[in-house]
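A.B. asks:
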Amino acid sequence: MDTLPNFIKEFMPVVEEKAKALNKAVWILETTGNSDAQDLVALLDTDLRILFSDRAIYERLLQFKEEKIEDPLLKRQLDNLIRSFKGNMIPKELAKEIAQKEAALTNTYANFRPVYKGKTLNENEILEFLKTEKNVSARKEIWEKSKEIGDKLAPQILEVIKLRNQAAQTLGYPDYFQMQLDLQEVDQNWLQNFFSTLSEKSQASYDKLIRDIEIELQKKYGIKEHEFYPWFWKDPFCQEDPIPFENSEEIYKSFDLLQAAKSFYQQMELDVESILSRSDLFEREKKNQHAFCINIDHCKDVRTLMNIKPSQRWMDTILHELGHAVYDLGYDASLPWSLRSPPHMITTEAMALMAGREATNPQFLQTIAKVPLEVSANLEKLKESAKRRQLIFSRWVLVITAFEKEMYKNPDQDLNALWWNLIEKYQKITPPDRKGHNDWAAKYHVGLAPVYYFSYLLGEVFASGMKEKIATLYPNKSLFSKEASQFLQGRLFFPGDRYSWDKLIEHVLDQPLSCDAWVKEFAY
Ligand SMILES: [Zn+2]
């Protein structure tokens, strides 16, 4: 450990090997549900964490930092290592307690089913109910059922939240929210200002949209004014459009989704055949029912897991996951292994979201998917519904982010009151009387995917920024063109983790991230 280059030369190959093994175990687990693979994932995950928990190494890294490293790639690797180690410097007993409590929470989330009229309800059944049930009191009852998990888990979640705060405090942070942002290189004040500007600039559009929704829901359910309760929406958290464009399915049944995605990337001269040949694309027993992209070796082995069906959601998802995959294949091959990755999920999400949005773009559907003329009449409606979706989702991200910030600042306050105040403020939904309940704890992410939701909205905003930039540089070109592709490959993919995420965005857009392009695209 005499010099930083020597340390990296010794340490990183060990990490690389473990990480590759972990990725392969994850792949087997997710494609088969095999319980041996599950044990292996837990084991390798712990091994990897242990590699980053050695305090002597951490202190040596801090000394290297004092030595003022000049080489920018070495400096970046050092900063990343310091952040990785820092998050693992909490007392071992505390870390173990948090991990055990989180595992118990995961288990309850996965297995809890509320009982309605003597029958248990799973998540899909609740969603189906809220989509189709016309009776208002039945809707209310089902919605209340969907919150039962919150009351059951709130005391345990609260315990975990306080332990996380305790852990953050041992590292010198006021609370866990601030620690997480700092370890992700996100400035708290910047984030707060960014979201409040975005919220202000899109408020008029959201207000108009929510009035339209109210009128439609009033017609549908005969609701009185000021009784715009959450159970009139079609999902338990009001994060999706309650009045979606219902005839979209026929559009997505009229062409081959996978073929359309292939043509899309072919037009960008990006090869997705090698990705697809390694991927697991269709439904199967015991396989993970969602979708993800995994970069096994930070080199050529990039795979996606999907469960493709002919629907708008899956057209979006195929384009999305392949967006992550082409990004992962586009890093400068001369970068060290650890820098062949995005600097933050925000930048790869932006690419994936930008590609996914094409699923509702009439131009994509007509020229790439070659949707037959008789169904093309609906394409403009589809575009309008995509705009509504962005506005609605943005409010939901504002609620979660503000809630987490306040919750970690003071976990002993009346969290349910805080939750509903924020929902009323941002989503403009009438809070029902829920005294004595813990509706905030029913949202999986609050307990188990903390301080992450903000990335989704920043990804959407960056995606709009890139689209605008491409349109400015190449006025007559669409996203599926050689020009757009070269722009993305050169500016976004190639640098890998050479810069921090905000610097990379500046490098791509020639200016810092701003919400203006997103506002122009969706909140006009
Ligand atoms: Zn994604």
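Heads up, the sequence shown is in the working numbering, so the first residue is 73 and it goes up one at a time. Quick reminder that beta carbons are idealized off the backbone N, C-alpha and C, glycines included.
For the beta strand (DSSP E) that Asn367 lies in, which residues bound it at each end?
C.D. replies: 364 to 367
A.B. asks: Can Ala424 be considered in contact with ligand 1, in the sense that its beta carbon sits closer than 8 angstroms to one or more heavy atoms?
C.D. replies: yes
A.B. asks: Leaving out five residues on either side along the sequence, give the residues of the same chain with a beta carbon under 6 angstroms from the beta carbon of Ala595.
C.D. replies: Ser274, Ser277
A.B. asks: Looking at the secondary structure, which residues open and close the beta strand (DSSP E) in which Pro377 lies?
C.D. replies: For clarity, residue 377 is Leu in the given sequence; the question names Pro instead. It spans 374 to 377 - the beta strand (DSSP E) in which Leu377 sits, taken as one unbroken run.
A.B. asks: Which residues does DSSP list as the beta-bridge partners of Asp352?
C.D. replies: Leu377
A.B. asks: Using the C-alpha atoms, what's the distance from Leu202 back to Pro302?
C.D. replies: 11 angstroms
A.B. asks: Considering only DSSP beta bridges, list what Lys191 is partnered with.
C.D. replies: In DSSP, Lys191 forms a bridge with Tyr188.
A.B. asks: Could you pull out every unbroken alpha helix (DSSP H) segment of at least 4 residues lying fully inside the segment 209 to 245, listed in chain order?
C.D. replies: 220 to 242
A.B. asks: Quick check: Leu146 and Ile198, are their CB atoms within less than 9 angstroms of each other?
C.D. replies: no
A.B. asks: Of all the options Ala114, Phe304, Gln485, Gln438, which has the alpha carbon lying nearest to the alpha carbon of Glu216?
C.D. replies: Of the listed residues, the one whose Cα sits closest to Glu216 is Phe304.
A.B. asks: Can you tell me whether Trp262 is buried or exposed, with buried defined as 16 or more other CB within 10 angstroms of its CB?
C.D. replies: exposed
A.B. asks: Return the first residue and the last residue of the alpha helix (DSSP H) that Ser457 is part of.
C.D. replies: 451 to 481
A.B. asks: Answer yes or no: do Lys292 and Glu231 have a C-beta to C-beta separation smaller than 9 angstroms?
C.D. replies: no
A.B. asks: Would you report the Cα separation of Gln558 and Leu411, rounded to the nearest angstrom?
C.D. replies: 21 angstroms
A.B. asks: Evaluate Ser268 with the Cβ neighbour count: other Cβ atoms within 10 Å of its Cβ, from every protein chain shown; 16 or more gives buried, anything less gives exposed.
C.D. replies: exposed
A.B. asks: Shortest alpha-carbon distance to Gln499 belongs to which of Glu593, Val471, Phe526, Phe157?
C.D. replies: Val471
A.B. asks: Here's a check: name, in chain order, each residue in its chain whose Cβ is nearer than 6 angstroms to the Cβ of Ser536, leaving out the five neighbours to either side.
C.D. replies: In its chain, beyond the 5 residues on either side, Ala589, Trp590, Glu593 have a beta carbon closer than 6 angstroms to the beta carbon of Ser536.
A.B. asks: Should His392 be labelled buried (16 or more other beta-carbon atoms within 10 Å of its own) or exposed?
C.D. replies: His392 is buried by the Cβ-count criterion.
A.B. asks: So that I know if they touch, is there some Cβ in chain B lying closer than 9 angstroms to that of Glu593?
C.D. replies: No chain B appears in this structure, which consists of one protein chain only.
A.B. asks: Please report how far the alpha carbon of Asp352 lies from the alpha carbon of Arg148, in whole angstroms.
C.D. replies: Computed Cα separation, rounded: 34 angstroms.
A.B. asks: How do the segment 505 to 517 and the segment 547 to 554 stand: do at least 3 beta-carbon pairs fall below 8 angstroms, yes or no?
C.D. replies: no
A.B. asks: Just to confirm, is the Cβ distance from Thr432 to Leu454 under 9 angstroms?
C.D. replies: Yes, these two residues count as a Cβ contact at 9 angstroms.
A.B. asks: Can you find the residues in the same chain that come closer than 8 angstroms, C-beta to C-beta, to Asn237, ignoring five residues on each side of it along the sequence?
C.D. replies: Result list for Asn237: Asp247, Tyr248, Tyr480, Pro483, in chain order.
A.B. asks: Out of Phe317, Pro414, Phe300, point me to the one whose CA is closest to Cys310's CA.
C.D. replies: For the residues Phe317, Pro414, Phe300, the minimum Cα distance to Cys310 belongs to Phe300.
A.B. asks: State the start and end residues of the unbroken alpha helix (DSSP H) segment that holds Phe620.
C.D. replies: Absent from the model: residue 620. The displayed extent of the chain is 73 to 596, so no value can be given.
A.B. asks: Candidates Trp573, Gln290, Glu205, Thr204: which alpha carbon is nearest Asp259's?
C.D. replies: It is Trp573 whose Cα lies nearest to the Cα of Asp259.
A.B. asks: Alpha carbon to alpha carbon, how far is Ala176 from Ile233?
C.D. replies: 14 angstroms
A.B. asks: Use the C-beta contact count for Lys219: other C-beta atoms within 10 angstroms, 16 or more gives buried, fewer gives exposed.
C.D. replies: Of the other Cβ atoms in all chains shown, 16 or more fall within 10 Å of the Cβ of Lys219; this residue is therefore buried.
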